[in-house]
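J.: Throughout the sequence shown, residue numbering follows the working numbering, covering 40 to 288 in sequence.
Sharing a structure below in structure tokens format, with a few things to ask.
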Amino acid sequence: MTDMTVDVILPCLDEADALPKVIARLPTGYRAIVVDNGSTDGSADVARAHGALVVTEPVKGFGSACAAGVAAATADFVAFCDADASMDPAELPPLVDRVASGRVDLALGRRVPTGRGAWAPHARFANRVLAVLMHRATGYRLRDLGPMRVMRREDLVSLDLRDRRSGYPLEMVLAAHAAGWRVDESDIGYAQRIGDSKVTGTLRGTINAVRDMSRLLRAYRREARARVVAPGPLRQAAESTPVVEEARS
């Protein structure tokens, strides 16, 4: 890849200790876009000092941070990665290559723990359950709904994702399915994060994430049924109803 063809969005909440390592692992020509989502530990200053573009997003939520990063991106390809050093950005190029070559439209990283304590049991179990439910809704044979992923920026913008909480990664896959995208996954390493988890590392965070994603799945299945059984005008009305507006009600 030539310079600045990939923007890597790093949603960030108090990751000052991890950011230097994460940014240093970015391949040449990959730009870090750190979206500060309310940090109080100086994460934004650390990110700037290490050459990242810093975006401030005051509205709390993983989806809010991701959306702000997408709005700031300008590269042909957009990647997402956690800012806690649990994933290695150096593993992004194979995912980018699969999208750039036209083999897939969305390339996902399937997390494989590299040591004890990398993946909390309750979070791993919840991920497996959601993957099964997602397969039933879309037919995609995916085993992970992890955050590392790559797609073309213009394609991502066209999905018009609305979720601003923990459901953003799942909404992306559901919207990709509705748009007819080819989606696959490949193994990436998953290490113990630096610092405390803000989402699925705690039982409460996992429950909240599962709740957000379950709403999206229910809404998607309802809309899919409406497209199949509704007569013309009713079907058009169903198709015009945004999935996430139902999920957020």
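The beta-carbon is built from N, C-alpha and C at its ideal position, and this holds for glycine as well.
#1: At a cut of 8 Å, does the region 59-67 reach the region 115-134 through at least three beta carbon pairs?
#2: State whether the region 130-149 contacts the region 206-216, with contact taken as three or more CB pairs (one from each stretch) at a distance under 8 Å.
#3: Helix or strand or just coil, what does DSSP make of THR113?
#4: Curious, which full-length alpha helix (DSSP H) runs of at least 4 residues does the region 146-234 contain?
#5: Rounding to the nearest angstrom, what Cα-Cα distance links ILE246 and VAL85 in this structure?
#6: In the structure shown, what three-state DSSP assignment does PRO50 receive?
#7: Check whether the Cβ atoms of GLY198 and CYS120 lie closer than 8 Å to each other.
#8: When you compare only the Cα positions, how much space is there between ASP223 and ARG180?
#9: Over what stretch of residues does the alpha helix (DSSP H) that includes ASP136 continue unbroken?
#10: Per the contact definition of three or more C-beta pairs closer than 8 Å, is the region 199-208 in contact with the region 165-177?
#11: So, are the CB atoms of ASP53 and ASP80 less than 8 Å apart?
#12: Looking only at its chain, what residues have a beta carbon closer than 8 Å to the beta carbon of ALA57, apart from the 5 residues adjacent to it on each side?
#13: In chain order, what residues of the same chain have a beta carbon less than 6 Å from the beta carbon of TYR291, not counting five sequence neighbours either side?
#14: Could you name the residues of the same chain whose beta carbon sits closer than 6 Å to that of ALA55, not counting the 5 residues immediately before and after it, in chain order?
T.: Answer, in terms of the structure:
#1: Flag = yes, the region 59-67 and the region 115-134 touch.
#2: yes
#3: Along the sequence shown, one-based indexing puts residue 113 at 74. In the structure shown, THR113 sits in coil (DSSP, three-state: anything other than H, G, I, E or B).
#4: Qualifying alpha helix (DSSP H) stretches, in chain order: 160-177, 192-198, 207-217.
#5: In the sequence shown, the residue the question calls residue 246 occupies position 207. In the sequence shown, the residue the question calls residue 85 occupies position 46. The straight-line gap from Cα to Cα measures roughly 31 Å.
#6: Your numbering for residue 50 matches position 11 in the sequence shown. Of the three classes helix, strand and coil, the one that applies to PRO50 here is strand, per DSSP.
#7: Here residue 198 refers to the residue found at position 159 of the sequence shown. Here residue 120 refers to the residue found at position 81 of the sequence shown. The question names Gly, yet the displayed sequence has Leu at residue 198. No, the Cβ-Cβ distance between LEU198 and CYS120 is not below 8 Å.
#8: By one-based count along the sequence shown, residue 223 stands at place 184. By one-based count along the sequence shown, residue 180 stands at place 141. In a straight line, the C-alpha of ASP223 is about 8 Å away from that of ARG180.
#9: The residue labelled residue 136 in the question sits at position 97 within the sequence shown. Segment 131-139, the alpha helix (DSSP H) holding ASP136.
#10: Flag = no, the region 165-177 and the region 199-208 do not touch.
#11: The residue labelled residue 53 in the question sits at position 14 within the sequence shown. The residue labelled residue 80 in the question sits at position 41 within the sequence shown. In this structure, ASP80 lies closer than 8 Å to ASP53 by Cβ.
#12: Within the sequence shown, numbered from 1, the residue matching residue 57 stands at position 18. Within the same chain, ALA57 has close Cβ partners ALA122, ASP123, ALA124, ARG232, ILE233, GLY234.
#13: This structure cannot speak to residue 291, because the chain is shown only from 40 to 288.
#14: Taking the sequence shown and counting its residues from 1, one reaches residue 55 at position 16. So the qualifying residues of the chain are ASP80, GLY81, SER82, VAL85.
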